[in-house]
Amino acid sequence: MRQRYFSGIQPTGKLHIGNYLGAIKSWIELQDDYEGIFGIVDYHAITEPYSPKEMPKRIIDTALDYLAAGLDPAKSTLMVQSLVPEHTEMAWILNSITPVSWVERVPTYKEKARKLGVSVNMGLLGYPILMAADIVLYKSAVVPVGEDQLPHLELAREIVRAFNNRYGHTFPEPQAYVGVGARIMSLTEPTKKMSKSLGPRNYIALSDEPAVIRDKISKAVTDIGPGGGEMSPGTKNLFNLMSLFSTKETYQHFMRLYNERKIRYSDMKQKLADDIISALGPIRERRAALSLRPEYVKALLIEGSKDARKIAKQTLLEVKEKMGLLYFHEQLEEAA
Ligand code: TYM
Numbered sequence: 005m006r007q008r009y010f011s012g013i014q015p016t017g018k019l020h021i022g023n024y025l026g027a028i029k030s031w032i033e034l035q036d037d038y039e040g041i042f043g044i045v046d047y048h049a050i051t052e053p054y055s056p057k058e059m060p061k062r063i064i065d066t067a068l069d070y071l072a073a074g075l076d077p078a079k080s081t082l083m084v085q086s087l088v089p090e091h092t093e094m095a096w097i098l099n100s101i102t103p104v105s106w107v108e109r110v111p112t113y114k115e116k117a118r119k120l121g122v123s124v125n126m127g128l129l130g131y132p133i134l135m136a137a138d139i140v141l142y143k144s145a146v147v148p149v150g151e152d153q154l155p156h157l158e159l160a161r162e163i164v165r166a167f168n169n170r171y172g173h174t175f176p177e178p179q180a181y182v183g184v185g186a187r188i189m190s191l192t193e194p195t196k197k198m199s200k201s202l203g204p205r206n207y208i209a210l211s212d213e214p215a216v217i218r219d220k221i222s223k224a225v226t227d228i229g230p231g232g233g234e235m236s237p238g239t240k241n242l243f244n245l246m247s248l249f250s251t252k253e254t255y256q257h258f259m260r261l262y263n264e265r266k267i268r269y270s271d272m273k274q275k276l277a278d279d280i281i282s283a284l285g286p287i288r289e290r291r292a293a294l295s296l297r298p299e300y301v302k303a304l305l306i307e308g309s310k311d312a313r314k315i316a317k318q319t320l321l322e323v324k325e326k327m328g329l330l331y332f333h334e335q336l337e338e339a340a
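Residue numbers for the sequence shown follow our numbering, so the first one is 5 and each next one is one higher.
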């Protein structure tokens, strides 16, 4: 039997190459050996302001990117978190064993709390607990994520240990599986990670048109030329992208020019843009074809959520039994 794991992405619209290199690429690598459950985690996304009218489209957009990037629905399960209510039920159970001090020290929460002050909501505090619930419901032993999610994974491991200690061994301790592009930086503010929240110029979407990719790369921040000191964050990011999208020879060629202080960033950017465009070409084409079949994508999500729910229900039954919370279960099932 293939080992199972869960990983998720917030439906913030179209996915970028950071999501792809940090997470989705690993999902695709693992899907032959593991039974992957890929969540579109809408209950995580509602912890920040959003437009209710746009949410259904964002769910479909995320699913289109998953499928276009190479997730194979014959091997893996695609699901929507809010269609499997066991996720929030499990999160409540984990809330009851997690000290507040553990969640208050999570870096993403601390940053949000600093920004939002007293208006920071409970969902943002409980965010990593819901994430731990996502993971344990499927008894995931590995969780493919980008580097920014490591503190959340560490917390999930602590919560698993606390649960196993109190109620008996139930869950494996989930290990992070960090992708090749663990931390892709913003094109315009390269000391920050690439993220949609910094605006469209800072990221390359998987579905960006070639001309848009070329334009964004050509305007990416570098430095005025190698000055002998440490490589600037922008230049480092472009070399990192080159190591991921171009051939070894291309990477070594531009690195040599950099070291000899002969590099012309315009040439490097042109080559990098060419290589990103050709790598993303097949994804863009598959996405365009799939976007003409929204009903097919919707049906996959519904079926996938039903399949995921079967597993989630089973785990929750086991959990409730261990916790002395399984009252009248059989009678209720018969009555339903
Ligand atoms: P989210 O939606 O912010 O990002 C989804 C995945 O993309 C990775 N990622 C990056 N990797 C490299 N460079 C970047 N610039 C970059 N930006 C994003 C993230 O590390 C992540 O793997 N909390 C999660 C979603 C989640 C989840 C889960 C993940 C909810 N439940 C259970 C795993 C397991 C999040 O907000 O990811």
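Just so it is clear, CB atoms sit at the ideal spot from N, CA and C, and this is done for glycine as well.
These numbers were taken from a predicted model, which means no experiment stands behind them.
If you look at T16, you'll find it isn't in any alpha helix (DSSP H); DSSP assigns it neither H nor E. Taking all protein chains in view, the Cβ of A136 is crowded by 16 or more other Cβ atoms within 10 Å, so the residue is classified as buried. Taking every protein chain shown into account, the CB of M272 has 16 or more other CB atoms within 10 angstroms, so this residue is buried. Rounded to whole angstroms, the gap between the alpha carbons of M126 and V84 is 22 Å. Distances between the C-beta of M135 and the heavy atoms of the ligand TYM include at least one below 7 Å. Contact between T16 and K200 is confirmed by a C-beta separation of about 5 Å, below the 8 Å threshold. For the region 131–197, the full-length beta strand (DSSP E) segments reaching 3 residues or more read 146–149 and 179–182 along the chain. Bridge partners of G43 according to DSSP: G12 and M83. The shortest CA-to-CA distance from I28 to any of K116, G150 and D37 is the one to G150.
At a threshold of 7 Å, L159 does not count as near the ligand TYM, since its beta carbon sits no closer than that to any of the ligand's heavy atoms.
Across the set M259, I280 and T226, the C-alpha of I280 shows the shortest separation from the C-alpha of S250.
Looking at I163, R62 and R290, the one whose alpha-carbon comes closest to that of T102 is I163.
Proximity of the beta carbon of V225 to the ligand TYM is not indicated: no heavy atom of the ligand is located closer than 7 Å. With fewer than 16 other beta carbons inside 10 angstroms of its own, D37 counts as exposed.
Classified as exposed, S222 has fewer than 16 neighbouring CB atoms from the shown chains inside 10 Å of its CB. Not a single heavy atom of the ligand TYM lies less than 7 Å from the C-beta of M59. If you draw a straight line from the Cα of V216 to the Cα of L202, it comes to about 17 Å. Exclusion of the five residues before and after R291 leaves L68, A72 and S211 as the residues of its chain whose Cβ lies within less than 6 Å of its Cβ. At a cut-off of 7 Å, the beta-carbon of K116 does not count as near the ligand TYM: no heavy atom of the ligand is closer than that.
Three or more beta-carbon pairs separated by less than 8 Å link the region 174–182 to the region 139–148, which places the two stretches in contact.
Closest by C-alpha distance to Q7, out of G40, E33 and S30, is G40. Exclusion of the five residues before and after A316 leaves V88, E90 and L141 as the residues of its chain whose Cβ lies within less than 6 Å of its Cβ. The three-state reading of DSSP puts A340 in coil, since its state is none of H, G, I, E or B. With respect to the C-alpha of G238, the residue from E213, K116, P214 and Y207 having the closest C-alpha is Y207. Shortest Cα-Cα distance from P77 to any of A312, A340 and R170 involves A312. Take the alpha-carbon of L245 and the one of G26: they are about 12 Å apart.
Distance from the Cα of G22 is smallest, within the candidate group S11, P155 and M198, for M198.
Per DSSP, D212 is not a residue of any alpha helix (DSSP H), being assigned neither H nor E. Look at Y38 here: in three-state DSSP terms it is strand.
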